[in-house]
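K.L.:
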Amino acid sequence: MGHYTPENIVTNEDLVQIMDTSNEWIVERTGIEQRRWFNPDKDTVSNMATNAAKMAIDRAGIETKDIEFIVFATITPDYFFPGSGVLMQRELGLQGIGAIDIRNACSGFIYALSVADQFVKTGMYKTVLVVGSEIQSSALDKSTEGRSSSVIFADGAGAAIVQASEDQSGILSTHLHADGDHAEELYVKDPGSSRKVRLSKELIEGKTFNLTMNGNAVFKHAVVRFSEVINEALEANGKSKEDIDLLIPHQANLRISNFVQKQFALSDEKVYNNIMTVGNTTAASIPIAMSQAWEEGRFKEGDLICLAAFGSGFTWASALIQW
Ligand code: COA
């Protein structure tokens, strides 16, 4: 695992300077104390991913040239097309290998991990690089009107090397779901291709380029889907909640994580949260959390790790990993 978070720290007090909000409101409703927003002169979605990937490559003890395929999860690509996977492939000097982008928002990393897992299990590839990287801050409405979502979302990247092995460790199973009925509860509408004109002054003024979220609907569905999909992963592997050594939920909101923790009666040591310092980084959230949890010694060889996510789409997913 590896990660990269932009240097630029934005505290709740910084937000108070640009919108009508307060540190107390943000901490109480989301748990976030600070987040990272990218530096437009330095950070791109693909180069943040490249930085995270280099850390993962180094820690995995492999060489960059060992990577045979790239799965890149992002809903905030550098270009409208092509995807950011090919841009990172170029930055890593891996021209020629396949690269795909996954656009499943907060569940994107688990979807990407699942794709990598299938390729490895079928024997098509031995070493796959999986990343999640996002720049959300440039799509946020940072005025008071947009405050309920702009205080939550943030930028960063995380990466994993998924490799074939002979022992029993690794990805035990992944579980992927979606319900398009709720597509517009959390989305960025423009620049939509089905518009007669993709870009216009009226569209910009209408704020349809900004992230729009129905926070209440997201919250209500998230708490139900998180628990469903964690149970699904446990049942598929004949495990119970007592077997979980570490739950790493997508860092949507600390209140959601705490709710899920209570539902499964897990102690604080068994749930990893870092939203307090990095905010909600969409597809990058789980790999950043995994990388930081590993650095902090929160899991060790043989531990059972459960990943779970919920987000735009709606999509939700889980993975059970024997480390
Ligand atoms: N600062 C201060 N006040 C704010 C605010 C902010 N940043 N954002 C909203 N408010 C105000 C609202 O304007 C509203 O004021 P009113 O009562 O005078 O109308 C009040 O706070 C309550 O707003 P509401 O939207 O009902 O708040 P909430 O309790 O539902 O909390 C969220 C809003 C977004 C924090 C909450 O819905 C949530 O956590 N949703 C899940 C979001 C999430 O996890 N997204 C990530 C998905 S991957």
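Heads up, the sequence shown is in the numbering used here, so the first residue is 542 and it goes up one at a time. Virtual Cβ for every residue (Gly too), placed ideally from N, Cα, C. Predicted, not measured: the structure shown is a model, and the values here were computed from it.
Between which two residues does the beta strand (DSSP E) harbouring A705 extend?
P.N.:
Indexing the sequence shown from 1 puts residue 705 at position 164. If you look at A705, you'll find it isn't in any beta strand (DSSP E); DSSP assigns it neither H nor E.
K.L.:
For M665, which of helix, strand or coil comes out of DSSP?
P.N.:
Counting from 1 along the sequence shown, the entry for residue 665 is found at position 124. Residue state, collapsed to three classes: coil.
K.L.:
Let's see if you can read the secondary structure: which residues bound the beta strand (DSSP E) around Q863?
P.N.:
For the purposes of this step, residue 863 is identified with residue 322 of the sequence shown, where counting begins at 1. T856 to Q863 is the extent of the beta strand (DSSP E) around Q863.
K.L.:
Please determine if the region 677-693 and the region 556-571 are in contact, where contact requires at least 3 C-beta pairs separated by less than 8 angstroms.
P.N.:
yes
K.L.:
Do A646 and G854 come within 8 angstroms of each other at the CB atom, strictly closer than that value?
P.N.:
One-based indexing of the sequence shown puts residue 854 at position 313. One-based indexing of the sequence shown puts residue 646 at position 105. Cβ atoms of G854 and A646: closer than 8 angstroms.
K.L.:
In terms of DSSP beta bridges, what is I525 paired with?
P.N.:
Residue 525 is absent from the structure shown; the chain starts at 542 and stops at 864.
K.L.:
Measure the CB-CB distance between A793 and G697 and report whether it falls below 8 angstroms.
P.N.:
Here residue 793 refers to the residue found at position 252 of the sequence shown. Here residue 697 refers to the residue found at position 156 of the sequence shown. For the 8 angstroms CB-CB criterion, A793 and G697 do not form a contact.
K.L.:
Provide the residue(s) that pair with N821 in DSSP beta bridges, ordered along the chain.
P.N.:
By 1-based counting over the sequence shown, the position of residue 821 is 280. Beta-bridge pairing links N821 to F694.
K.L.:
Quick check on the DSSP output: the beta strand (DSSP E) that includes S714 runs from which residue to which?
P.N.:
Within the sequence shown, numbered from 1, the residue matching residue 714 stands at position 173. S714 -> beta strand (DSSP E) spans G711 to A719.
K.L.:
Tell me the residue span of the alpha helix (DSSP H) that contains F800.
P.N.:
The residue you call residue 800 lines up with position 259 of the sequence shown. For F800, the enclosing alpha helix (DSSP H) covers residues L795 to Q804.
K.L.:
Which partner residues does F851 have in the DSSP bridge list?
P.N.:
In the sequence shown, the residue the question calls residue 851 occupies position 310. BP columns for F851 point to W857.
K.L.:
My understanding is that G543 touches M629, with C-beta atoms under 8 angstroms, so please give their C-beta distance in whole angstroms.
P.N.:
Here residue 543 is taken as the residue at index 2 of the sequence shown, counted from 1. Here residue 629 is taken as the residue at index 88 of the sequence shown, counted from 1. That pair is no contact at about 13 angstroms.
K.L.:
From D681 to L861, what distance separates their C-alpha atoms?
P.N.:
The residue you call residue 681 lines up with position 140 of the sequence shown. The residue you call residue 861 lines up with position 320 of the sequence shown. Residue identity differs from the one stated: residue 681 is Leu in this sequence, not Asp. Spanning the two alpha carbons is a distance of roughly 33 angstroms.
K.L.:
Which value, in whole angstroms, describes the spacing of the CA atoms of G747 and E725?
P.N.:
The residue you call residue 747 lines up with position 206 of the sequence shown. The residue you call residue 725 lines up with position 184 of the sequence shown. Roughly 16 angstroms between the two C-alpha positions.
K.L.:
Any heavy atom of ligand 1 inside 7 angstroms of the beta-carbon of G673?
P.N.:
Counted from its first residue, the sequence shown places residue 673 at position 132. G673 Cβ: outside cutoff for every heavy atom of ligand 1.
K.L.:
Taking the alpha carbon of E609 as the point to measure from, which residue in R600, G637, T617 and V586 has its own alpha carbon closest?
P.N.:
Taking the first residue of the sequence shown as position 1, residue 609 is located at position 68. It is G637.
K.L.:
Reducing DSSP to helix, strand and coil, say where V738 ends up.
P.N.:
Position 197 of the sequence shown, counting from 1, holds the residue named residue 738. Looking at V738 - three-state DSSP - the assignment turns out to be coil, as it is neither helix nor strand.
K.L.:
Let me know the secondary structure DSSP gives E743 once reduced to three states.
P.N.:
Counting from one through the sequence shown, the residue named residue 743 turns up at place 202. Three-state DSSP puts E743 in a helix.
K.L.:
Any idea what DSSP makes of S826, helix, strand or coil?
P.N.:
Taking the sequence shown and counting its residues from 1, one reaches residue 826 at position 285. Three-state result, S826: helix.
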